[in-house]
Amino acid sequence: MISMKKVSQLYGGTQILWDLDLDIEPGSITCIMGRNGVGKTTLMKAIMGLLPIQSGEITMTGEPLHKQSAERRAYAGIGYVPQGRDIFPMLTVEENLRIGLPVKGKKEIPEKIFELFPVLKEMLHRRGGDLSGGQQQQLAIGRALVLEPKVLILDEPNEGIQPNIVKQIGDVILKLNAEEGLTVILIEQKLGFARRVGKEFRLMEKGRIVAADKMENLNDDLIKQYLAV
584 MISMKKVSQL YGGTQILWDL DLDIEPGSIT CIMGRNGVGK TTLMKAIMGL
634 LPIQSGEITM TGEPLHKQSA ERRAYAGIGY VPQGRDIFPM LTVEENLRIG
684 LPVKGKKEIP EKIFELFPVL KEMLHRRGGD LSGGQQQQLA IGRALVLEPK
734 VLILDEPNEG IQPNIVKQIG DVILKLNAEE GLTVILIEQK LGFARRVGKE
784 FRLMEKGRIV AADKMENLND DLIKQYLAV
């Protein structure tokens, strides 16, 4: 589905990614994990086209992505929910959701969004900035799903979110993966959530993938070496 080969990336004069290789299989839920500062968010932004890469290649189903704009990558079927959500606080919930409709050539918000996140229908005419953190995260995910993506990238979707919303987000990820075959790439610091939702893990250290396996094989030794603070 998505493949990265020998990807290096510089940010502000500092090299963040070092000859990184990553393969994401279709229909997988892959958790990208590692301590703070190892390059996880930079990796996601490189996939999405928000940061240019210095060298290497990124492909999706064999087609080159690394020379395409972020907008074109959205058209290709990549949905992105950044860390911190980045909704438009002065726009209503409805206006936030409608932003992605032209990409799919549609005029109406898919009813599926409201089935997954009923609160968004209840608050359709409220401004995004007036929602709670958990509601804003649901809005951010809903906005990405309006694009009907083949791949959904989520950067720490549970950061600062109340437990009941965390569970709901996990349920939505599992539902979309099981019923629609949605491929999910997830940056997640909460080990319990990663084990509940993830099918595979990739551990990062110093801008490289240093371990990759099925989630059930994420053992205490790997946790201590690459995740423990």
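Sequential numbering of the sequence shown, starting at 584, is according to the working numbering. Glycine included, C-beta positions come from ideal geometry on N, C-alpha and C. Small disclaimer: the values here were computed from a predicted structure and weren't measured.
DSSP-derived helix/strand/coil call for residue i
i	result
T624	helix
A794	strand
R778	helix
I768	strand
P732	coil
K819	The structure shown has nothing for residue 819, since the chain only spans 584 to 812.
V590	strand
G662	strand
P635	coil
L603	strand
P609	coil
E739	coil
Q598	strand
I615	strand
I806	helix
I756	helix
I748	helix
8 Å CB neighbourhood of residue i in its chain, flanking five on each side removed
i	result
S611	M584, T766, V767, K782, E783
G753	F776, R779, V780
L684	K690, E691, I692, V729
Cutoff 7 Å; reference residue i; Cβ partners in own chain excluding five residues on either side
i	result
I687	Checking the sequence, you will find Lys at residue 687 rather than Ile. L730, E731.
F700	Q721, G725
Y594	T625, L634
V749	N741, F776
Separation of residue j from residue i, as counted between CA atoms
i	j	result
F671	Q718	13 Å
F776	I736	16 Å
K704	F697	6 Å
S591	L648	15 Å
G716	M673	15 Å
S638	C614	24 Å
D796	D803	14 Å
N800	G622	23 Å
T625	K588	15 Å
H708	A727	19 Å
I744	E691	29 Å
K650	T644	15 Å
V780	K758	10 Å
G764	D713	33 Å
E742	S586	27 Å
E771	E739	5 Å
V664	A723	6 Å
L786	K695	33 Å
P746	E678	27 Å
V812	K689	46 Å
K789	P609	27 Å
Segments assigned alpha helix (DSSP H), at least 4 residues, entirely inside the region 665-728: 676-681, 684-687, 694-699, 701-705, 716-728
Stretch pair the region 654-672 + the region 603-620: three plus CB contacts closer than 8 Å: no
Three-pair Cβ contact test at 8 Å for the region 619-637 versus the region 587-605: yes
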